[in-house]
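For the working numbering, add 48 to where a residue sits in the sequence shown, where the first one is 1.
No residue lacks a Cβ here, since even glycine has one placed at the ideal position from N, Cα and C.
What follows is one structure encoded as structure tokens, with my remarks underneath.
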Amino acid sequence: MPRATIPRMKTLVVANWKMSPATSREAKKLFEATKKIAETCKKVSLVVAPPTIFLRELAVSYRGRSLSFAAQHAHPDSGKAFTGETSLAQVRDAKAAYLIVGHAERRAMGETNDDTAKKTAAALALGMTPILCIGEKQRTVSGDYFLEVKEQLRAGLAEVPVKKHGKVIIAYEPVWAIGGSSGMVPRDMHEMSIFIRKSMVELYGAEGLNVRILYGGSVDETNARAMLEGGDISGFLVGRASTDADKFEVLIHAISYPSS
Ligand code: PGA
């Protein structure tokens, strides 16, 4: 049965700024606005994932408790010679409590299922919360995309001890819905949530039923509430709509309060 009401636990919303904004000044401005939204909407737990270069200056100067920080990417091996990379230990030191793993855009740049396994395990070892992104590239009538999703789930958790699975958040983001004009319908997400829980139980046992699942892909102020009510999810991974403070505020209000 789809959930008829907003779940009692706080809704988790991860604001994935991707490669925006262009300047530190704009990043601070967007962060100030996001902070205000977080302070006024107590029903939502907000996680901001800024570009790595802005992470430290935003996080270190933040004294509040209304939001947390995520790194969009970090290399799991600390102290090695990898030109241009930022290590997990460095983003942890810059106050990132979460790590986005296996985002579709990083998979498109070469991140493999094996990489997601390493990153998920390394993040947990540093006391961070991994947000493991999974999702099929396209849907076919045969339904074989379910196998793709299950394999991403299996591989991403392959190096994590079963007792720590509850600490990993799963973000289901169908690639075809990211950056598009419309997201997935709640009914299809509800089916996918059931499939993810069922797969977790099959792969790792009954505890898997309690996995936290986020939805991502063209989430905005017009579709978020219906998805939260009908998709059997714990929250969202939001891209574009999180970099427009006005839209984001309406989105957060929409999932915090009933419309009538
Ligand atoms: P979008 O991106 O909300 O802009 O579709 C979502 C994501 O990639 O996490």
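- Annotated three-state conformation of S93 is strand, per DSSP.
- Between A203 and L262, the C-beta gap is not smaller than 8 Å, which leaves the two residues out of contact.
- In the structure shown, the three-state DSSP call for V189 is coil.
- The region 59 to 79 and the region 158 to 171 do not touch, with fewer than 3 CB-CB distances between them shorter than 8 Å.
- Burial check for Q120: the Cβ neighbour count within 10 Å reaches 16 or more, so the residue is buried.
- For I101, the secondary structure class from DSSP, reduced to helix, strand or coil, is helix.
- N258 has its Cβ no nearer than 7 Å to any heavy atom of the ligand PGA.
- Beta-carbon to beta-carbon, I179 and V62 are separated by about 6 Å, close enough to satisfy the 8 Å threshold.
- If you check the C-beta of E221 against the ligand PGA, you find a heavy atom less than 7 Å away.
- The three-state reading of DSSP puts L251 in helix, counting H, G and I together.
- Distance from the Cα of D280 is smallest, within the candidate group D268, F296, M240, for M240.
- Ranked by Cα distance from L195, the options S109, K246, A137 are led by K246.
- In chain order, P124, V149 place their CB closer than 6 Å to the CB of K167, counting only its own chain and leaving out the 5 sequence neighbours on each side.
- Taking 7 Å as the cut-off, the C-beta of I226 counts as close to a heavy atom of the ligand PGA.
- Shown here for V208: same chain residues with a beta carbon closer than 7 Å to its own, the five before and five after excluded, namely T168, A169, L172, V216 in chain order.
- Counting every other CB atom within 10 Å of its CB across the protein chains shown gives A118 a total of 16 or more, marking it as buried.
- Taken atom to atom, the span from the alpha-carbon of A70 to that of T291 is near 11 Å.
- Two segments are said to touch when three or more pairs of C-beta atoms, one from each, lie closer than 8 Å; by this definition the region 136 to 146 touches the region 100 to 119.
- CA-to-CA, the gap between A254 and S304 works out to about 31 Å.
- DSSP places L299 in the uninterrupted alpha helix (DSSP H) bounded by 293 to 304.
- Per DSSP, reduced to three states, the secondary structure at A142 is coil, with no helix or strand assignment.
- In this structure, G265 is the residue among G265, A165, L201 with its C-alpha nearest to the C-alpha of E153.
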